[in-house]
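Visitor: Could you have a look at this structure, given as structure tokens, before my questions?
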Amino acid sequence: QKLSAEELAKNNKKKASFDYDAVQIVNDKKIMESLLSDEGASDNYVVAGLSIPSVGIRLDIYKGVSDYALLRGAGTYLPNQQMGKGNYILAGHNMEDGVTLFSPLYRIKNGALIYLSDGKDIYTYKVNDISTISGTTVEVLNEKVEEPIVTLLTCADRYAINRICVKGKLVEKIAVQEASSKIKQVFR
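Printed below as a string of structure tokens:
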């Protein structure tokens with residue numbers, strides 16, 4: 227991660243859009259136009275990093291689910307989410323190419339490790355549930371759960387009717403300074 231833990235925490239205090247209904251279906255052209263238009267300003271809303279080595283995902287996590295955020299990485303679904311507490315929900319676009327943004331989630335398997343980092347700590351989650359749900363299914367958005375989990379959501383089809391829903395249970399939280407070089411490497 228190129229931003230410090232302090233910068234990530236500061237970004238997490240900024241206002242952001244959490245209006246998922248305003249998210250538009252995207253294509254490669256929209257992504258390229260968006261990336262070329264801001265010349266580095268995107269760091270202003272980065273709050274963390276996400277890595278899923280088994281499927282080749284390594285993305286910044288942005289605050290909110292604006293088109294701006296979702297054209298660049300994963301977006302936090304709810305305003306006051308905290309890693310390692312409750313249900314940490316992330317949304318991302320599926321470009322149906324198997325490599326861009328959340329497209330690789332089609333290949334994820336139970337037992338895969340999901341790493342999140344806020345610059346201070348690294349949170350490791352183990353995938354224990356993969357399903358395709360209706361876009362109107364709201365139960366997966368429940369913040370209050372018995373054990374800390376991460377939920378990853380992406381469209382399962384071109385028309386955003388269904389969603390791929392990947393859930394993982396928290397198995398470890400470790401300070402970045404105490405993490406092994408192998409774990410730190412997943413964010414490089």
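Going by the numbering used here, the sequence shown opens with residue 227, and the numbers climb by one from there. Ideal Cβ placement from N, Cα and C applies to all residues, glycine included.
How about Thr-302 and Lys-289: do their beta carbons lie closer than 8 Å?
Guide: Residue mapping note: residue 302 aligns to position 76 of the sequence shown, counting from 1. Residue mapping note: residue 289 aligns to position 63 of the sequence shown, counting from 1. Contact: yes.
Visitor: Taking its Cβ as the centre, do 16 or more other Cβ atoms sit within 10 Å of Lys-399, making it buried, or is it exposed?
Guide: Taking the sequence shown and counting its residues from 1, one reaches residue 399 at position 173. Looking at its Cβ environment, which holds fewer than 16 other Cβ atoms inside 10 Å, Lys-399 is exposed.
Visitor: Assuming contact is defined by CB atoms lying nearer than 8 Å, are Lys-240 and Tyr-271 in contact in what I supplied?
Guide: Indexing the sequence shown from 1 puts residue 240 at position 14. Indexing the sequence shown from 1 puts residue 271 at position 45. Yes, these two residues count as a Cβ contact at 8 Å.
Visitor: How far does the alpha helix (DSSP H) with Ser-407 in it extend, from its first residue to its last?
Guide: If you number the sequence shown from 1, residue 407 lands on position 181. From DSSP, the alpha helix (DSSP H) with Ser-407 extends over 407-411.
Visitor: Give, in chain order, every unbroken run of the beta strand (DSSP E) that is at least 3 residues long and sits entirely within the stretch 324-382.
Guide: If we require 3 residues or more, the beta strand (DSSP E) runs fully inside the stretch 324-382 come out as 339-343, 347-360 and 375-381.
Visitor: State the DSSP-derived secondary structure class of Asn-238, mapped to helix, strand or coil.
Guide: Position 12 of the sequence shown, counting from 1, holds the residue named residue 238. Helix at Asn-238.
Visitor: Give the DSSP bridge partners of Ala-274, in chain order.
Guide: Mapped onto the sequence shown, residue 274 falls at position 48. Paired residues: Ile-287.
Visitor: When you compare each of Leu-327, Met-321 and Gly-361 to Leu-285 by their alpha carbons, which one comes out closest?
Guide: Here residue 285 refers to the residue found at position 59 when the sequence shown is read from its first residue. Of the candidates Leu-327, Met-321 and Gly-361, the one whose C-alpha sits nearest the C-alpha of Leu-285 is Leu-327.
Visitor: Could you please give me the residues that DSSP links to Gly-301 through a beta bridge?
Guide: Position 75 of the sequence shown, counted from the first residue, corresponds to residue 301. In DSSP, Gly-301 forms a bridge with Tyr-288 and Ala-317.
Visitor: Could you give the DSSP three-state label for Lys-395: helix, strand or coil?
Guide: Residue numbering aside, residue 395 sits at position 169 when the sequence shown is read from its first letter. Lys-395: strand per DSSP, three-state reduction.
Visitor: Consult DSSP for Gln-308 and reduce its assignment to one of helix, strand or coil.
Guide: Taking the first residue of the sequence shown as position 1, residue 308 is located at position 82. Strand at Gln-308.
Visitor: Quick one: Cα of Gly-394 to Cα of Thr-363, how far?
Guide: Taking the first residue of the sequence shown as position 1, residue 394 is located at position 168. Taking the first residue of the sequence shown as position 1, residue 363 is located at position 137. When rounded, the distance between both Cα atoms is 18 Å.
Visitor: Comparing alpha-carbon positions, which option in Pro-279, Met-321, Leu-304 and Glu-365 lies nearest Arg-298?
Guide: In the sequence shown, residue 298 corresponds to position 72, counting from 1. The option with the nearest alpha carbon to Arg-298 is Met-321.
Visitor: Does DSSP put Ala-386 in a helix, in a strand, or in coil?
Guide: Locating residue 386 in the sequence shown gives position 160, where the first residue counts as 1. Here Ala-386 sits in coil by DSSP.
Visitor: Can you list, in chain order, the residues of its chain whose CB lies under 6 Å from that of Pro-279, leaving out five sequence neighbours each side?
Guide: Translated into the one-based positions of the sequence shown, residue 279 becomes position 53. Here the set comprises Val-412.
Visitor: Could you tell me which of Ser-230, Tyr-314 and Val-273 sits nearest to Leu-367, measuring between CA atoms?
Guide: Here residue 367 refers to the residue found at position 141 when the sequence shown is read from its first residue. Here the closest residue by C-alpha is Tyr-314.
Visitor: What are the residues that DSSP puts in a beta bridge with Ala-401?
Guide: By 1-based counting over the sequence shown, the position of residue 401 is 175. The partner list for Ala-401 (beta bridge, DSSP) reads Asp-347.
Visitor: Could you give the DSSP three-state label for Ser-280: helix, strand or coil?
Guide: As a first step, residue 280 is located in the sequence shown; it is residue number 54 there, counting from the start. If DSSP states are grouped into helix, strand and coil, Ser-280 belongs with the helices.
Visitor: Find the nearest neighbour of Glu-372 within the set Leu-396, Ser-360 and Lys-352, judged by alpha-carbon distance.
Guide: For this step, residue 372 is matched to residue 146 along the sequence shown. Closest option to Glu-372, Cα to Cα, is Leu-396.
Visitor: Mark Arg-389 as exposed unless 16 or more other C-beta atoms lie within 10 angstroms of its C-beta, in which case mark it buried.
Guide: Residue 389 sits at position 163 when you count from the first residue of the sequence shown. Counting Cβ neighbours within 10 Å, Arg-389 comes out buried, since at least 16 surround it.
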